[in-house]
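So the sequence lines, in the order shown, correspond to chains A and B.
Everything in the first sequence is counted per my numbering, starting at 397 for the first residue and increasing by one.
Everything in the second sequence is counted per my numbering, starting at 221 for the first residue and increasing by one.
For each residue, glycine too, the CB sits at the ideal point set by N, CA and C.
Computed from a predicted structure; not experimentally measured.
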Amino acid sequence: MFNLNLSLKQQQRLIVFAFLAIPLGLLFTFSYYPASQLFYMSVTDWDGYAPAKNLVGLDNYQYLVEDPDILGPMLNTFYYFVGAVVQLVLSLWFAVLVNSKLAGRNLFKTLLFIPFVLNAVAASMVFQIFYQVDGAFDNFLSSVGLEALIMPWLMDSDVVNWSLVAASVWRYLGFNLILFFGVLQSIPQDQYEAARIEGAGEWAQFRYITLPSIKMIIGLQVLLAFVGSLSVFEIPMIITKGANGTKTFVMATLETAFSFNDFGLASAMAVLLLLIVVFFMILQKVLFGDKG
Amino acid sequence: MNTQNILPDNDAGTVALEPIITKARTEKEMRKARFINKLKQPKWLFWALFKYLTLVLASVAVLVPPFAVLLASFKTSKEYYSTSKVALPESFFNFDNYIKVFADGDLGLAFTNTGTILLISLFFTVLFGTQVAYVLSRFEFKGKKLVLLAYVIAMVVPAVTTQVATFEVIKALGLINNKGSVIMLYIGADVVMIYIFLQFMKGVPLELDEAAKIEGASYFLIYRKIMLPLLKPAIATVIILRTIFIYNDFYFPLLYLPEKSQVTVSTALYKFTSVFGTEWTTISAGIIIILIPSIVLFLVLQKQIYAGVTNGAVKG
């Protein structure tokens, strides 16, 4: 229908425009415009309703730094980051195992990965039920003779964040495992063969063949882990609704905007998070020389 | 005549087969001997057992929580509170909880809504994604670098942080409590998918385009008749990844579809604790109903999902 009397040049101009207009429009409306609005709103006192947005300079940022109620949730990032590091080490261990000639490796890989594809709310509610007082976890511990370990998993503010972190590790370990597994698969087997002939043990093979090959993917995964820890939202939102000191920074940001109607302050919080994330992304590119 | 022809062949066949069988046998025996030899080394045995122990412990950790929920979904409320939470139910045929949760939990509506959102989003994601990738990989034009840069930068901005401002946009468009809101967000903010298409398009030889052009095909026809069919594997990957993401997403529907008539699978389940209070057996049935489609999809499409997840993360 286009080729009737259009030259190729005209045709090209037409198709470039037709195929890019809507997608670029959507990209700007839902990515760039909000991001720029975020910066603008962060220097206003907008409440989400008022027709006018009054400029207040850096008041929101000052408030952000001074109010411990706002920055406190940021500290919960720490729990999730520790969890994410443990998760990375475990997933690397399991990736190496399922990449070896172990019998049943596919079954184990499937089992460990499945939580990652599950619905976030359903997976979180599984743990809400699992962690109940006298719930399945407590009963399970009793049944294997470990009743001494029973704790109020979600009630005790010293424990609850670690309980939530465990749920997070449960859900995301398979993701790290698959990323590691993909790279491990791409290492040529003859390298290991040659190393074995030279008499290298399993640890030496890991240290001198596997580790150098996965350096970049480790860098990427540490970054993903860090960004992920900063933006934790679903698990505490669903399991504890932020009670007992489990509120995270993203929860606090949304609460400031949608419950307290302080869009100015909430925007400042979002900008802070955005800047931290971008900073670490650049750092990762520099450190690990990712050309992607 | 026939038999004469077959017999020598057959003889030759058995002669040829014999060495292979013996070879296979010896290899198997050798492997067995090597294995038995290794078993005698305490260090190797210890490590082998340790590896399996960690795998088994991890599998137990993965399975026990959802298994406990599965057990609870078949129990009566009284049974749930009076027996161990990890004990088997009296009957695996007690579907009362499932019937109740489907009737009172808005699950029918939730599946319809999620299904609608999913189908429309997938259609436009594939349409726009392939079109953008086609134009960016096949034409040189003013501003092309800028468009590519726009997509690269957009990947860096985490959607979770910008929603405070996005909310205002959605509100201004009058799309709160309208499925259009989340559909547009799923389509518009979806940058990784474009990368998957672009990557794949690079592997399609330019000669195909040239040949079609000589035949007099328009660019649109080349896209429609040559690119789209060739992109099928990439389209499959994108559909799988997006289906998992959209079916599991909680954040967007929570913010933009708060009304009861607009519940999605995630938000319907989220409301369970206020609808059913502490009826954990009913809630458990709801959780299982929502988990089943994901598990089935995963088991059927395992290989594609692994490949897609790896591609998506590494490109992103």
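Verify the CB distance criterion: does residue i have a CB-CB separation below 8 Å to chain A?
{"i": "B:E388", "result": "yes"}
{"i": "B:I525", "result": "yes"}
{"i": "B:T234", "result": "Because the pLDDT at B:T234 is just 46, under 50, the model does not fix this residue reliably, and the value given afterwards should be weighed accordingly. Not closer than 8 Å to any Cβ of chain A, the Cβ of B:T234 fails to qualify, so no."}
{"i": "B:V529", "result": "yes"}
{"i": "B:V321", "result": "no"}
{"i": "B:G408", "result": "yes"}
{"i": "B:Y318", "result": "no"}
{"i": "B:V516", "result": "no"}
With a threshold of 6 Å on Cβ separation, who are the neighbours of residue i within its own chain once the five nearest residues in sequence on each side are excluded?
{"i": "B:A232", "result": "With a pLDDT of 43 at B:A232, under the threshold of 50, the modelled position of that residue is not reliable, and no figure is offered here."}
{"i": "A:G444", "result": "N657, F659"}
{"i": "B:V346", "result": "I455"}
Considering residue i, what are the terminal residues of the alpha helix (DSSP H) in which it resides?
{"i": "A:F523", "result": "516-526"}
{"i": "A:I672", "result": "659-684"}
{"i": "A:Y724", "result": "Look at the range of chain A in this structure, 397 to 688, and you will see that residue 724 of chain A is not part of it."}
{"i": "B:R358", "result": "327-358"}
{"i": "B:K391", "result": "379-392"}
{"i": "B:Q169", "result": "Residue numbering for chain B in the displayed model covers 221 to 536; residue 169 of chain B lies beyond these limits and cannot be assessed."}
{"i": "B:A488", "result": "485-490"}
{"i": "A:N567", "result": "The residue you asked about is not Asn; residue 567 of chain A is Arg in the sequence shown. That run of the alpha helix (DSSP H) goes 556-581."}
{"i": "B:I373", "result": "364-376"}
{"i": "B:S401", "result": "399-408"}
{"i": "A:M612", "result": "611-626"}
{"i": "B:G423", "result": "Unbroken run through B:G423: none, as it is neither H nor E."}
{"i": "A:Y457", "result": "455-462"}
{"i": "A:Y475", "result": "473-495"}
{"i": "B:Y439", "result": "439-442"}
{"i": "A:L551", "result": "Reading the sequence as shown, one finds Met at residue 551 of chain A and not Leu. Note, A:M551: premise wrong, no alpha helix (DSSP H); not H, not E."}
{"i": "B:A505", "result": "500-520"}
{"i": "A:L503", "result": "501-509"}
{"i": "A:R409", "result": "404-423"}
{"i": "A:N535", "result": "532-539"}
With a threshold of 8 Å between beta carbons, is residue i in contact with chain B?
{"i": "A:M551", "result": "no"}
{"i": "A:N399", "result": "Reliability of the predicted coordinates at A:N399 is poor, the pLDDT of 48 falling under 50, and no value is obtained from them."}
{"i": "A:L708", "result": "Here chain A has residues from 397 to 688 only, and residue 708 of chain A is not among them."}
{"i": "A:M673", "result": "Checking the sequence, you will find Val at residue 673 of chain A rather than Met. Chain B, which has a Cβ nearer than 8 Å to the Cβ of A:V673, makes this yes."}
{"i": "A:M677", "result": "yes"}
{"i": "A:N535", "result": "yes"}
{"i": "A:M734", "result": "The structure shown has nothing for residue 734 of chain A, since chain A only spans 397 to 688."}
{"i": "A:G531", "result": "yes"}
{"i": "A:E594", "result": "no"}
{"i": "A:L484", "result": "no"}
Who are the near neighbours of residue i in its chain, counting only those whose CB is closer than 8 Å to its CB and skipping five residues on each side?
{"i": "A:L545", "result": "L537"}
{"i": "B:A307", "result": "L291"}
{"i": "A:M551", "result": "V529, N640"}
{"i": "B:F518", "result": "I525"}
{"i": "B:T336", "result": "K399"}
{"i": "A:I672", "result": "L626"}
{"i": "A:F435", "result": "S663, V667"}
{"i": "A:G615", "result": "Q680, L683, F684, D686"}
{"i": "B:S311", "result": "F294"}
{"i": "A:V555", "result": "M547, P548, W549"}
{"i": "B:L259", "result": "L265"}
Out of the options, state which residue places its alpha-carbon closest to the alpha-carbon of residue i.
{"i": "B:F440", "options": "B:L339, B:R358, B:K271, B:T296", "result": "B:R358"}
{"i": "A:N572", "options": "A:V618, A:L416, A:A532", "result": "A:V618"}
{"i": "B:L393", "options": "A:T425, A:K643, A:I418", "result": "A:T425"}
{"i": "B:F417", "options": "B:V355, B:K364, B:Y467", "result": "B:V355"}
{"i": "A:V513", "options": "B:S481, B:E499, B:L475, B:I460", "result": "B:I460"}
{"i": "B:D410", "options": "A:Y428, A:L402, A:Q407", "result": "A:Y428"}
{"i": "A:L498", "options": "B:L366, B:P513, B:L275", "result": "B:L275"}
{"i": "B:Y406", "options": "B:I396, B:R462, B:V280", "result": "B:R462"}
{"i": "B:L451", "options": "B:I464, B:I434, B:I414", "result": "B:I414"}
{"i": "A:Q408", "options": "B:A431, B:I512, B:K362", "result": "B:K362"}
CB-CB under 7 Å to residue i, same chain, minus the five flanking residues each way: which ones, in chain order?
{"i": "A:I613", "result": "L575, F576, V579"}
{"i": "B:D469", "result": "S486"}
{"i": "A:S559", "result": "Y527, W549, L550"}
{"i": "A:Y476", "result": "V561, S564, S625, V628"}
Let me check you understand the geometry: is the CB of residue i closer than 7 Å to at least one non-hydrogen atom of the ligand ZN?
{"i": "B:V483", "result": "With respect to the ligand ZN, the structure offers nothing, as it holds no ligand at all."}
So, does the CB of residue i fall closer than 8 Å to a CB anywhere in chain C?
{"i": "A:M547", "result": "In the structure shown, chain C cannot be found, because the protein chains are A and B."}
Would you check if the stretch 462-475 of chain A and the stretch 640-656 of chain A touch, i.e. whether three or more CB-CB distances between them fall below 8 Å?
yes
Should the stretch 576-594 of chain A be called in touch with the stretch 631-641 of chain A, which here means at least 3 C-beta pairs below 8 Å?
By the Cβ criterion, the stretch 576-594 of chain A is not in contact with the stretch 631-641 of chain A, since fewer than three pairs of Cβ atoms, one from each stretch, lie closer than 8 Å.
With a cut-off of 8 Å, do at least 3 Cβ pairs link the stretch 488-503 of chain B to the stretch 443-454 of chain B?
No: the two stretches stay apart, fewer than three of their Cβ pairs being nearer than 8 Å.
Contact between the stretch 661-680 of chain A and the stretch 446-458 of chain A (3+ Cβ pairs under 8 Å):
yes
Given 8 Å, three or more beta-carbon pairs between the stretch 664-679 of chain A and the stretch 615-627 of chain A
yes
Contact the stretch 449-459 of chain B vs the stretch 362-379 of chain B: 3+ CB pairs below 8 Å
Taking 8 Å as the limit for Cβ pairs, the verdict is that the stretch 362-379 of chain B does not touch the stretch 449-459 of chain B.
Below 8 Å, can you find three or more Cβ-Cβ pairs linking the stretch 363-370 of chain B to the stretch 470-481 of chain B?
In short, these stretches do not touch, since the Cβ pair count stays below three.
Taking three-plus beta-carbon pairs below 8 Å as touching, is the stretch 266-285 of chain B in contact with the stretch 296-305 of chain B?
no
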